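Below, the structure is given as structure tokens:
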């Protein structure tokens with residue numbers, strides 16, 4: 004077996020196969036955080052809009068994926084699920100165990116990625132769309148030949164766009180149902196809160212601003228206070244007051260059960276897609 008060569012943590016070259024919004028969000032976060040300079044990041048695309056997006060913050064944009072692989076120590080596959088097999092197989096002859104391979108492709112398992120690549124120094128990452136504003140929730144799972152140091156390097160990399168957890172890959176379908184799909188549930192809740200404000204007499208812009216900031220503030224308290232969300236809820240709900248009246252309506256409608264069912268349904272669908 005080939006000896007695993009450590010990736011130099013401060014001087015490695017990072018390449019993206021796929022130059023979409025997720026790749027751009029990761030690259031921007033990495034550069035903004037100072038983790039890597041833009042000169043050490045590259046991708047490939049022939050379209051002017053995507054080339055301009057990356058070049059605007061200093062990332063080198065090449066013409067072909069093969070050039071990215073040949074010039075990178077860490078290669079992140081960020082293409083669509085339906086094309087990733089063909090892309091990895093096309094590049095297989097250029098991939099070596101001296102490189103650390105990473106996938107952010109939803110629903111594609113490590114065992115398949117490793118088989119297509121011809122080696123198992125692979126890490127799978129499940130980020131979510133708030134990566135675009137530096138607040139992603141990302142979960143990583145290490146492939147068979149990925150080392151502890153590899154895991155730490157990727158944790159630091161994705162730490163530039165939010166928070167990172169490590170978990171067994173068998174949990175990824177549930178993670179998809181919660182953090183992968185979860186932003187959409189919260190967007191729906193923000194829209195509904197704003198509609199409620201409008202129904203109660205608020206101007207639309209004010210209602211939407213208040214709803215968005217309220218969700219942001221509540222999430223910040225849940226993250227930063229160390230209190231259980233149930234306790235935070237109790238802190239707001241005074242006896243006989245407005246908040247408990249609202250909570251009563253939510254409970255009558257099965258609010259918590261509906262959210263739980265949404266996560267379970269999305270997890271089930273994720274499992275179905277990953278098995279196809």
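In the working numbering, the protein residues as written are 4 to 279.
All C-beta atoms in this analysis are idealised placements derived from N, C-alpha and C, irrespective of residue type, glycine included.
No experiment lies behind these values; they were computed from the predicted model shown.
Quick check on the burial criterion: 16 or more other C-beta atoms within 10 angstroms. Buried or exposed for residue i?
i: residue 96; result: exposed
i: residue 116; result: buried
i: residue 268; result: exposed
i: residue 251; result: exposed
i: residue 33; result: buried
i: residue 8; result: exposed
i: residue 259; result: exposed
i: residue 53; result: buried
i: residue 187; result: exposed
i: residue 207; result: exposed
i: residue 103; result: buried
i: residue 253; result: exposed
i: residue 30; result: buried
i: residue 223; result: exposed
Between the beta-carbon of residue i and the beta-carbon of residue j, is there less than 8 Å?
i: residue 133; j: residue 154; result: no
i: residue 124; j: residue 93; result: no
i: residue 129; j: residue 169; result: no
i: residue 74; j: residue 15; result: no
i: residue 78; j: residue 47; result: no
i: residue 135; j: residue 215; result: no
i: residue 270; j: residue 176; result: yes
i: residue 1; j: residue 81; result: Residue 1 lies beyond the stretch modelled for the chain, which goes from 4 to 279, so this question has no answer here.
i: residue 218; j: residue 240; result: no
i: residue 112; j: residue 172; result: yes
i: residue 110; j: residue 233; result: no
i: residue 213; j: residue 200; result: yes
Relative to the alpha-carbon of residue i, which residue among the options has its alpha-carbon at the smallest distance?
i: residue 3; options: 56, 144, 270 and 30; result: In the structure as shown, the chain starts at 4 and stops at 279, and residue 3 therefore has no counterpart that could be examined.
i: residue 131; options: 124, 119 and 161; result: 161
i: residue 65; options: 49, 150 and 43; result: 49
i: residue 121; options: 109, 148, 142 and 108; result: 148
i: residue 127; options: 138, 174 and 6; result: 174
i: residue 26; options: 51, 108, 40 and 38; result: 108
Assuming residue i and residue j make a contact with CB atoms under 8 Å, what is their CB distance in whole Å?
i: residue 22; j: residue 57; result: 6 Å
i: residue 156; j: residue 10; result: 6 Å
i: residue 45; j: residue 24; result: Rounded, the Cβ-Cβ distance is 17 Å, inconsistent with contact.
i: residue 90; j: residue 68; result: 7 Å
i: residue 225; j: residue 235; result: 6 Å
i: residue 42; j: residue 163; result: Incorrect: roughly 16 Å between the Cβ atoms, too far for contact.
i: residue 210; j: residue 197; result: 4 Å
i: residue 119; j: residue 83; result: Between residue 83 and residue 119 the Cβ distance is about 15 Å, and since that is not below 8 Å, they are no contact.
i: residue 38; j: residue 159; result: 6 Å
Below 7 Å, is the gap between the Cβ of residue i and the nearest heavy atom of the ligand FAD?
i: residue 215; result: Among the ligands in the structure shown, none appear at all, so the ligand FAD cannot be discussed.
Requested in this report: Scan the stretch 74-130 and note each continuous beta strand (DSSP E) run of 3 residues or more that stays entirely inside, going in chain order.
Outcome: With a minimum length of 3 residues, the continuous beta strand (DSSP E) runs that stay inside the stretch 74-130 are 77-80, 103-106 and 125-129.
Query - Runs of alpha helix (DSSP H) wholly within the stretch 167-218 (minimum 4 residues, chain order) - result: 175-178 and 185-202
Query raised in the report: What runs of the alpha helix (DSSP H), each 4 residues or longer, lie entirely inside the stretch 210-259?
Result: Correct list: 232-239 and 245-255.
Query raised in the report: What beta strand (DSSP E) runs, 3 residues minimum, are completely inside the stretch 33-70?
Result: Counting only runs of 3 or more, we get 44-47 and 63-65.
Requested in this report: Pick out the complete beta strand (DSSP E) segments inside the stretch 126-163, 3 residues or longer, and give them in chain order.
Outcome: 139-145
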